[in-house]
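> Would you mind keeping the following structure in view while I ask a few things?
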Amino acid sequence: MAGYFSNLSSTSTQSRFLSNKDKDSSSLSTDSHPPSRVPSKHFSTTLSDQQKAASLNEKSPTNTSAGLPAASIHPLRSTWVFWFRQQRAPGNKITNYEEGIKKISAFASVESFWSLWTHLHPPSALLPTTDYLLFHQGVRRPVWEDPLNLPGGKWILRLRKGVADRIWEDLVLALIGDQFAAVSPPHEDAWPEICGCTISVRQNEDILSVWNRTDEPKLRERIRDRIRAVLHLPPATIMEYKSNNDSMADKSSFRNSLIDRSPHS
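Residue numbering for the sequence shown follows UniProt numbering, beginning at 1 and increasing consecutively.
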């Protein structure tokens with residue numbers, strides 16, 4: 001598992017950005033055979049039977065999701081939206097961040113999620129400088145300046161190349177399956193504390209980030225610990241945090257972030 005991460009602090013002189021050639025033979029890799037898509041154990045919904053019934057009663061009996069009758073639909077607590085961003089399309093010049101973001105689809109049930117997920121290329125199949133972005137429907141655009149995103153920031157986890165597929169899947173399923181619901185009391189506007197998550201495919205590493213609404217130290221720590229738990233991170237894993245205000249100031253998502261080296265409790 002330790003071979004998954006590009007920023008494990010094994011020695012004080014070792015770079016946090018390890019290339020593929022630095023991996024030993026015991027490190028896991030997708031190579032030419034990416035891992036099969038098996039549903040993650042992290043996935044669940046926390047809707048009560050009464051909430052599910054109320055949600056289904058609002059639907060027409062003939063309404064379907066992923067070709068299923070309404071009675072077979074398992075609603076999520078929230079509606080989520082998948083976005084895609086490619087900074088440089090083949091043969092085109094580099095575009096600015098906002099111009100490169102394209103909406104893929106929204107989903108609000110287990111069935112509609114899997115219908116979409118099985119048609120998305122995994123991170124290992126994406127060209128460098130490409131992002132997947134998954135955000136709550138309350139976020140109008142997955143950018144720093146969005147009203148929900150602006151006061152908060154994001155936790156950052158850097159991965160070795162070739163191992164992001166399953167970790168990204170586990171993070172997505174933990175997020176939409178309410179595995180982060182207990183990190184913060186509900187907000188008055190009913191939108192959750194966790195705004196979304198992203199995977200950024202780069203030339204020498206893949207970067208996961210989890211965006212939250214409130215830049216408050218104790219809350220940040222709870223979110224960090226929850227990320228560690230749902231992804232089963234090794235104790236030596238280094239994580240980083242950067243506020244969206246800081247990102248706006250230096251026009252960068254990942255540079256000059258705060259390094260967190262605290263061990264697992």
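Glycine included, each C-beta is placed from N, C-alpha and C at the ideal position.
#1: Whose C-beta lies closer than 8 Å to the C-beta of Asp189 among residues of the same chain, with five residues either side of it excluded?
#2: Does the Cβ of Ala164 have 16 or more other Cβ atoms within 10 Å, making it buried, or fewer, making it exposed?
#3: By Cβ distance, which residues of its chain are closer than 6 Å to Asp49, with the 5 residues on each side in sequence left out?
#4: Counting only runs of 3+ residues fully inside the stretch 135-180, write out the beta strand (DSSP E) ranges in chain order.
#5: Mapping DSSP to helix, strand and coil, what is Ser109?
#6: Checking 9 Å against the spacing of the C-beta atoms, do Glu240 and Ile227 come in under that value?
#7: For Val110, which option in Arg77, Asp206 and Gly196 has the closest C-alpha, if you only look at C-alpha atoms?
#8: Quick one, which of Ser253, Pro217, Leu208 and Trp191 has its alpha-carbon nearest Pro147's?
#9: Can you check whether the CB of Ile176 is closer than 9 Å to the CB of Ile223?
#10: Measuring straight from C-alpha to C-alpha, what distance separates Glu145 and His136?
#11: If you pair each beta-carbon of the stretch 155-163 with each one of the stretch 204-213, do three or more pairs fall below 8 Å?
#12: May I ask which residues mark the beginning and end of the beta strand (DSSP E) holding Glu240?
#13: Below 8 Å on the Cβ atoms is my guess for Leu133 versus Trp80; work out the distance and round it to an integer in Å.
#14: Taking the DSSP output, what are the residues bridged to Pro75?
#15: Per DSSP, which one or two residues make a beta bridge with Ser200?
#16: Return the Cβ separation of Ser124 and Gly162 in integer angstroms, given the expectation that the two are a contact with Cβ distance under 8 Å.
#17: Classify Asp131 as buried or exposed, calling it buried when 16 or more other Cβ atoms lie within 10 Å of its own Cβ.
#18: DSSP state of Leu116, grouped into three classes?
#19: Strictly by DSSP, which residues pair up with Phe82?
#20: With distances taken between CB atoms, is the gap from Asp250 to Asn244 smaller than 9 Å?
#21: Note down, in chain order, each residue of its chain lying with its Cβ closer than 8 Å to the Cβ of Ala106, except the 5 sequence neighbours on either side.
#22: Looking only at DSSP bridge pairs, what is Asp260 linked to?
#23: Please classify Asn96 as buried or exposed, where buried requires at least 16 other C-beta atoms within 10 Å of its C-beta.
#24: For Asn212, list the residues DSSP reports as bridge partners.
#25: Just curious, the alpha helix (DSSP H) that Pro123 is in, first and last residue?
#26: Please work out which residues of its chain come closer than 8 Å, Cβ to Cβ, to Leu150, disregarding the five sequence neighbours upstream and downstream, and give them in chain order.
#27: Using the C-alpha atoms, what's the distance from Glu216 back to Phe113?
Straight from the coordinates:
#1: Your numbering for residue 189 matches position 189 in the sequence shown. For Asp189, where only same-chain residues beyond five positions count, the Cβ hits under 8 Å are Gly138.
#2: Residue mapping note: residue 164 aligns to position 164 of the sequence shown, counting from 1. Label assigned to Ala164: buried.
#3: By 1-based counting over the sequence shown, the position of residue 49 is 49. Because the pLDDT at Asp49 is just 43, under 50, the model does not fix this residue reliably, and the value given afterwards should be weighed accordingly. Closer than 6 Å at Cβ, skipping near neighbours: no residue.
#4: 153-159
#5: Walking along the sequence shown from the start, residue 109 turns up at place 109. In the structure shown, Ser109 sits in a strand (DSSP, three-state: E or B).
#6: For the purposes of this step, residue 240 is identified with residue 240 of the sequence shown, where counting begins at 1. For the purposes of this step, residue 227 is identified with residue 227 of the sequence shown, where counting begins at 1. It is not a contact, given that the beta carbons lie outside the stated cut-off.
#7: Locating residue 110 in the sequence shown gives position 110, counting from the first residue. Here the closest residue by C-alpha is Arg77.
#8: Locating residue 147 in the sequence shown gives position 147, counting from the first residue. Of the candidates Ser253, Pro217, Leu208 and Trp191, the one whose C-alpha sits nearest the C-alpha of Pro147 is Trp191.
#9: Here the question's residue 223 lines up with position 223 in the sequence shown. Here the question's residue 176 lines up with position 176 in the sequence shown. No; because the gap between Cβ atoms is not below 9 Å, this pair is not in contact.
#10: The residue given as residue 145 occupies position 145 in the sequence shown. The residue given as residue 136 occupies position 136 in the sequence shown. One C-alpha to the other measures close to 15 Å.
#11: yes
#12: Locating residue 240 in the sequence shown gives position 240, where the first residue counts as 1. Residues Met239 to Ser243.
#13: In the sequence shown, counting from the first residue as 1, residue 133 sits at position 133. In the sequence shown, counting from the first residue as 1, residue 80 sits at position 80. Leu133 to Trp80, Cβ: 11 Å. No contact.
#14: For the purposes of this step, residue 75 is taken as residue 75 along the sequence shown, with counting starting at 1. Bridge partners of Pro75: Ser109.
#15: In the sequence shown, residue 200 corresponds to position 200, counting from 1. Bridge partners of Ser200: Asp131 and Ile207.
#16: Position 124 of the sequence shown holds residue 124. Position 162 of the sequence shown holds residue 162. Cβ-Cβ separation between Ser124 and Gly162: approximately 6 Å, consistent with a contact (criterion under 8 Å).
#17: Within the sequence shown, the letter at position 131 stands for residue 131. Buried, since its Cβ has 16 or more Cβ neighbours within 10 Å.
#18: Working through the sequence shown from its first residue, we reach residue 116 at position 116. DSSP, reduced to helix, strand and coil, places Leu116 within a helical segment of the structure shown.
#19: As a working mapping, residue 82 is identified with position 82 in the sequence shown. Answer is Ser105 and Leu134, bridged to Phe82.
#20: Your numbering for residue 250 matches position 250 in the sequence shown. Your numbering for residue 244 matches position 244 in the sequence shown. No, the Cβ-Cβ distance between Asp250 and Asn244 is not below 9 Å.
#21: The sequence position of residue 106 within the sequence shown is 106, counting from 1. Same-chain partners within the cutoff: Thr79, Trp80, Val81, Phe82 and Gln137.
#22: The sequence position of residue 260 within the sequence shown is 260, counting from 1. In the DSSP output, where bridge partners are listed per residue, Asp260 has Met239.
#23: As a working mapping, residue 96 is identified with position 96 in the sequence shown. So Asn96 counts as exposed.
#24: Residue mapping note: residue 212 aligns to position 212 of the sequence shown, counting from 1. Paired residues: Gly153 and Ile194.
#25: Start at 1 with the first residue of the sequence shown, and residue 123 comes out as number 123. Pro123 -> no alpha helix (DSSP H), and no H or E assigned at all.
#26: For the purposes of this step, residue 150 is taken as the residue at position 150 of the sequence shown. For Leu150, where only same-chain residues beyond five positions count, the Cβ hits under 8 Å are Trp144, Asn244 and Asn245.
#27: Counted from its first residue, the sequence shown places residue 113 at position 113. Counted from its first residue, the sequence shown places residue 216 at position 216. Cα to Cα, the separation comes out at about 31 Å.
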